[in-house]
Amino acid sequence: MLKRFLMIKRALQSMVISDAWETNREDNSGLARHVREKILCERWWENVAYIVDFTDPIYEMLRVADTDKPCLHLIYEMWDTMIENVKKVIYTKEKKQDDEQSTFFSIVLDILVDRWTKSNTPLHCLAHSLNPRYYHEKWINECAGRNPPHKDLEISQMRMKCFRKFFPITQELNQVKDEYSRFATCSEELNDFDSIYDRWILDPVKWWANHGQPIPMLQKLALKLLN
């Protein structure tokens, strides 16, 4: 709605300065004047544009997540990117440095985190853990403070919860944990150049199809979950 307002800004301004605007609203002239003042106020339009700018990353994430395209394994990265983009808009508006506090951003963040906590599931964590790209040094070094999934406490706890559910037999659970360890640390058969390099350039499903044979249980789970 607000985006639409910005698109038709000139038309709205032309409308409220026309003779017909006051004439056709004599029954509620006070409201008509109030609307006219807002539409002609540049500060009001700046605020509208600001709201659109910092909510755009939120709507973009919702839009991508609400498609038929598989994206379960991308949700965590999309979330982090969305938060960073929202923060960037707010901090630019408030002329703050990254290490400074913003009361408004804190309020927005609390709302988003509350919603994220309610919708985040162990499957999101497992899918994130099975994306080979998130173990490549280029991805890790893209942003300060980024960790691969096996070094994130919350993700690791949720991943283990899924493993225990999907593999209730102790022998199978131990095997899939061993396979995950090799996958996460790029060890043994997964330590060759192509396997490591392709983590960065290949679609996750294609990586698993090409390089997942040494860890068959995890490969089967990944292909099912990421597809």
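So the number in my numbering is just where the residue sits in the sequence shown, counting from 1, plus 258.
All C-beta atoms, glycine included, are put in the ideal place defined by N, C-alpha and C.
Problem - V310 beta carbon less than 8 Å from that of L381 - result: no
Exercise for the section: Quick one: give me the first and last residue of the alpha helix (DSSP H) that D452 is part of. Expected result: 451–459
Practice task
Check whether the Cβ atoms of L384 and L484 sit closer than 8 Å, and answer yes or no.
Solution key: no
Exercise for the section: With distances taken Cα to Cα, identify the nearest neighbour of P462 among D357, A480, S276, D356. Expected result: A480
Exercise for the section: Answer yes or no: do H386 and P406 have a C-beta to C-beta separation smaller than 8 Å? Expected result: no
Practice task
Please decide whether T443 counts as near chain B, where near means a Cβ-Cβ distance under 8 Å.
Solution key: Any reference to chain B falls outside this structure, which holds one protein chain only.
Exercise for the section: Use the C-beta contact count for R417: other C-beta atoms within 10 angstroms, 16 or more gives buried, fewer gives exposed. Expected result: buried
Exercise for the section: Specify, as a first and last residue, the run of the alpha helix (DSSP H) that P380 falls within. Expected result: 380–387
Practice task
Would you check if the distance between the CB atom of V274 and the CB atom of R301 is smaller than 8 Å?
Solution key: no
Handout entry: Sequence-distant residues of its chain with Cβ nearer than 6 Å to V344 (five each side left out)
Key = F312, P315
Practice task
Give, in chain order, every unbroken run of the alpha helix (DSSP H) that is at least 4 residues long and sits entirely within the segment 303–385.
Solution key: 333–352, 361–377
Exercise for the section: Given a cut-off of 8 Å, decide if F421 and K435 are closer than it, judged by their beta-carbon atoms. Expected result: yes
Problem - Contact set for W465: own chain, Cβ-Cβ below 7 Å, skip 5 residues either direction - result: P390, D456, R457
Problem - Cβ distance (whole Å) where I473 is taken to contact E430 below 8 Å - result: At roughly 13 Å, the Cβ-Cβ gap does not stay under 8 Å, so I473 and E430 are not in contact.
Handout entry: Delimiting residues of the alpha helix (DSSP H) encompassing G288
Key = 287–297
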